[in-house]
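To start, the structure under review is shown below, and the notes come after it.
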Amino acid sequence: MKKTLASDNYSGTTPEIIEALAKANTGHQGSYGADESTEAAIKMFQRILKEDIDVYFTMNGTGANVTALSSVCPSYGAVICSSAAHINVDECGAPEKFGGFKLLTVEKDNGKLTPKDIKPFMVNLGEQHWSQPKVVSITQATEYGTVYTCEEIKEIVDYAHSQGLLVHVDGARISNAAVSLGATFKEMLVDTGVDFVSFGGTKNGLMFGEAVIFLNTSLSENYKYIRKQGMQLLSKMRFISAQFEALFGTDLWERNAIHANNMAQKLAEGLSKVEGVTITQEVQANGVFAILDRAVIPAMQEQSPFYVWNEQTNEVRLMCSFDTAEEEIDAFINKLNQLTSVTA
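Each residue of the sequence shown is one higher than the one before, starting from 34 at the first, in the working numbering.
Put into structure tokens, the structure is as follows:
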């Protein structure tokens, strides 16, 4: 089957994860998290983050984001995020529908918020006619493949907390961000003061499953009820937690993310040498954003399917995965060179 540059969701499952699933598929264990794998996975997260956390597993990223935000943001509240945020663009209005709160968005060319972007929303506080800001949500790595430094996250957290706001991290590609920074998860999340995080696994080699982790455990009291209402409580939860235990209990997460990031760097290097191609974002994780000649896009999508990010500018998104091969990158660049020379 043809591999693609469309999304890291297109990739299969890491062989080690398949082995972990097979191992979990023996005998009978308690349901809804009352199993050995879930206990082990929670302890694993406590080792890499801190002891005092609350960990809940969900089936997918949208479910993790929606239930996490809904559990802390009342219906009259608002969540501040980038206009490109997954919760704003790619979740079909689920956060607002199920949470009832409002999204307040900021246009950012690189997808990264700053304290300066948050400040304009700190008005009309206590005014009954206005939605009240309650949470700042940032994506790490962002939807543009850019990465917040630990210092940038701390600046956001410090300002948000000074304004009485909580900070959520959508970490669908958090492993790619960590290896890009050369930082530990503790340095990136705990030491910066983040309150809660949707901790991703699917895009880094899991078959399915994400985790909602409350670093501020005072926020998690009602989450288990919201997760159940949100249809994210899997009865055979061991099949999620066993995957996380295998991914983050070893260096598998790191190996997968390093490879995906390295393939993105290789792709960007190749694209930079093709006449007429403009790379629009700094390549920091496993995604490359570039403007291509509109005439070559259909043929290139035949070579390796990908998404057009901006139809008006012909900006495309090219995503690498744990199983992207160098030969695929070479073939893509060679094909693009051939087509560019013909259309020139």
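We put the CB at the ideal spot given by N, CA and C, even for glycine.
For clarity, every value in this text was computed on a predicted model and none was experimentally measured.
Check, Outcome
"DSSP on V200, reduced to helix/strand/coil?", "strand"
"Rounded to the nearest angstrom, what separates G110 and A101 at their Cα positions?", "14 Å"
"Is it buried or exposed for A74, if we count other Cβ within 10 angstroms and need 16 for buried?", "buried"
"Please list, in chain order, all residues of the same chain as Y256 whose beta carbon is under 8 Å from its beta carbon, the five residues on each side excluded.", "D87, Y89, T100, A101, S104, V245 and F247"
"Would you say L381 and A332 are within 8 Å of each other, going by their C-beta atoms?", "No answer is possible for residue 381: it lies beyond the span of the chain, which begins at 34 and ends at 377."
"Exposed or buried, what is K149 when buried is set at 16 or more other beta-carbons lying within 10 Å of its beta-carbon?", "exposed"
"How would you label K236, buried or exposed, when you count the other beta carbons within 10 angstroms and need 16 or more for buried?", "buried"
"Indicate the three-state DSSP secondary structure (helix, strand or coil) for W286 in the structure shown.", "helix"
"Just to confirm the assignment, what range does the beta strand (DSSP E) spanning D87 have?", "D87 to T91"
"Check A301 in the structure and name its three-state DSSP category.", "helix"
"For K114, report the span of its beta strand (DSSP E) as first-last.", "For clarity, residue 114 is Cys in the given sequence; the question names Lys instead. Unbroken beta strand (DSSP E) run through C114: G110 to S115."
"What is the DSSP secondary structure of Y340, counted as helix, strand or coil?", "strand"
"What residue from A39, T373 and A57 has the CA that sits closest to K306's CA?", "T373"
"Does H119 pass the burial test, meaning 16 or more other C-beta atoms within 10 Å, or should it be called exposed?", "buried"
"Quick one: using the 10 Å Cβ neighbour count with 16 as the cut-off for buried, is T346 buried or exposed?", "exposed"
"Identify every run of the beta strand (DSSP E) within the region 213-258, keeping only runs that are complete inside it and at least 3 residues long; order them along the chain.", "229-232 and 243-247"
"Please determine if the region 125-141 and the region 272-286 are in contact, where contact requires at least 3 C-beta pairs separated by less than 8 Å.", "no"
"Looking at the unbroken beta strand (DSSP E) that takes in A323, where does it start and where does it end?", "G320 to I324"
"Using the C-alpha atoms, what's the distance from L54 back to T225?", "34 Å"
"Counting C-beta neighbours from all protein chains within 10 Å, is the total for H61 16 or more, i.e. buried, or is it exposed?", "exposed"
"Taking the alpha helix (DSSP H) that M77 belongs to, which residues open and close that run?", "E69 to I81"
"Just how far apart, CA to CA, sit L214 and A290?", "12 Å"
"In whole angstroms, give me the CA-to-CA distance for Y43 and H292.", "16 Å"
"Taking a contact to mean a Cβ-Cβ separation below 8 Å, would you say V349 touches I366 in this structure?", "no"
"Going straight from the alpha carbon of C125 to that of E69, what length do you get?", "35 Å"
"Find the nearest neighbour of N343 within the set Q336, T313 and D356, judged by alpha-carbon distance.", "T313"
"Given I50, which residues of its chain have a CB within under 7 Å of its CB, disregarding the five upstream and five downstream residues?", "G238, L239, M240, Q276, A279 and L280"
"Determine the contact status of G45 and D356, defining contact as a CB-CB distance below 8 Å.", "yes"
"What are the uninterrupted segments assigned as beta strand (DSSP E) that are 3 or more residues long and contained completely in the region 128-184, given in chain order?", "135-139 and 165-172"
"Mind reading off the beta-carbon distance from M270 to T71? Whole number of angstroms is fine, and I expect it under 8 Å.", "5 Å"
"Using a C-beta cutoff of 8 Å, does R350 count as contacting chain C?", "The chain labelled as chain C is not found in the depicted structure, where only one protein chain is given."
"Could you name the residues of the same chain whose beta carbon sits closer than 6 Å to that of K167, not counting the 5 residues immediately before and after it, in chain order?", "C106 and G110"
"Just checking my contact of G233 with E243 at CB under 8 Å: how many whole Å lie between their CB atoms?", "6 Å"
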